[in-house]
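Peer 1: Quick one: the structure is below, and I'll ask about it shortly.
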Amino acid sequence: MVRVIKLEEITERLVIRPYTTNDYRNWYNQYSHCYPARNRFDEGKIDLSDYTEAWFDEMVNKHQQLIDKDVAYILGVFRKDDGAHVGVIDLSTLMRNEFQWGRIGYTILNTYWEHGYGKEAVKAVLDMAFTQLGYHRIEAHINMDNTASIKLAESVGMEFECVRRDFIFEFGEWTDHLVYFRNAKQRRTLA
């Protein structure tokens with residue numbers, strides 16, 4: 001089992017940590033101010049009518065259970081100066097034992113694009129993955145035409161490895177994904 005010392009990263013402009021039940025209003029307000037979707041990878045403005053405080057509390061509880069089981073680490077990204085919720089990053093354990101292998105996913109709300117928050121947050125969470133959570137390898141699985149996600153992965157030192165054919169069922173079909181990766185050894189040599 002992985003021993004977690006602290007599950008929080010503080011960068012120059014951001015605080016990245018698990019959600020708490022106190023985050024509901026902030027989370028709700030930021031999602032309610034999103035712009036309409038700008039591309040097929042952007043959720044954009046969503047119908048929040050089912051996303052009650054009780055629903056959020058249950059989500060926070062489920063996230064904590066995933067953390068306790070080392071299945072996934074779902075982390076809110078908050079601006080340090082005003083506490084605004086700007087996005088979410090998740091780490092999922094693909095396999096432990098001799099692999100210590102995980103996957104990273106990231107979303108910055110479209111109202112906060114083009115401020116460098118994605119790069120700052122992903123870089124910090126990769127560091128957390130290697131230093132606190134004991135992963136050796138982290139992959140990002142990216143749609144072939146998701147240029148913004150590709151640029152972000154490359155900007156934090158992730159390397160293109162391969163294309164996984166018919167990798168995930170989304171958008172009504174099996175789709176190919178690019179695989180970018182970074183490992184703990186690279187962290188030491190690139191830091």
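Read in the UniProt record's numbering, the sequence shown has 58 at position 58, and its numbers run on one by one without any break.
The beta carbon of each residue, even a glycine, is placed where N, CA and C say it ideally should be.
Whole angstroms are fine: how far does the CA of residue 117 sit from the CA of residue 74?
Peer 2: Using only the alpha carbons, I get a separation of about 17 Å.
Peer 1: Tell me whether the beta-carbon of residue 7 lies closer than 8 Å to the beta-carbon of residue 31.
Peer 2: For residue 7 and residue 31, no; Cβs fall outside 8 Å.
Peer 1: Output the distance between the C-alpha atoms of residue 144 and residue 123, rounded to the nearest integer angstrom.
Peer 2: Cα to Cα, the separation comes out at about 22 Å.
Peer 1: Beta strand (DSSP E) containing residue 46: first to last residue?
Peer 2: That residue, residue 46, is in no beta strand (DSSP E); it is neither H nor E in DSSP.
Peer 1: Suppose you measure from the CA of residue 84 to the CA of residue 77; what does that come to, to the nearest Å?
Peer 2: In a straight line, the C-alpha of residue 84 is about 8 Å away from that of residue 77.
Peer 1: What whole-angstrom Cβ distance do residue 125 and residue 94 have, given they're in contact under 8 Å?
Peer 2: Between residue 94 and residue 125 the Cβ distance is about 16 Å, and since that is not below 8 Å, they are no contact.
Peer 1: Take the Cβ of residue 110 as the centre, count every other Cβ of all protein chains shown within 10 Å, and call the residue buried at 16 or more, exposed below.
Peer 2: Buried, since its Cβ has 16 or more Cβ neighbours within 10 Å.
Peer 1: Looking at residue 167 and residue 136, is the spacing between their C-beta atoms short of 8 Å?
Peer 2: No, Cβ-Cβ distance for residue 136 and residue 167 is not below 8 Å.
Peer 1: Between residue 163 and the rest of its own chain, which residues show a CB-CB distance below 8 Å, the 5 nearest in sequence each way excluded?
Peer 2: The answer, listed in chain order, is 144, 176, 177, 178, 179.
Peer 1: What is the residue span of the alpha helix (DSSP H) that residue 99 lies within?
Peer 2: Residue 99 -> no alpha helix (DSSP H), and no H or E assigned at all.
Peer 1: Can you check which of these residues, 17, 43, 24, 161, is closest to residue 108 by C-alpha distance?
Peer 2: Comparing Cα positions, the closest option is 43.
Peer 1: Residue ranges of each alpha helix (DSSP H) run of no fewer than 4 residues wholly in the stretch 126–189, ordered along the chain?
Peer 2: Listed in chain order, the complete alpha helix (DSSP H) runs (minimum 4 residues) inside the stretch 126–189 are 147–155.
Peer 1: So the alpha helix (DSSP H) residue 24 belongs to, where does it begin and stop?
Peer 2: 24–32 is the span of the alpha helix (DSSP H), which, as asked, contains residue 24.
Peer 1: Tell me the DSSP bridge mates of residue 78?
Peer 2: Residue 78 pairs with 15, 85.
Peer 1: In angstroms, rounded to a whole number, what distance separates the CA positions of residue 12 and residue 65?
Peer 2: Roughly 29 Å separates the two Cα atoms.
Peer 1: Where does the unbroken alpha helix (DSSP H) through residue 55 begin, and where does it stop?
Peer 2: Run containing residue 55: 53–68, per the alpha helix (DSSP H) assignment.
Peer 1: Between residue 58 and residue 24, which are expected to be in contact by the criterion C-beta below 8 Å, what is the C-beta distance as a whole number of angstroms?
Peer 2: Residue 58 to residue 24, Cβ: 11 Å. No contact.
Peer 1: In this structure, how does DSSP classify residue 73 when only helix, strand and coil are distinguished?
Peer 2: Of the three classes helix, strand and coil, the one that applies to residue 73 here is strand, per DSSP.
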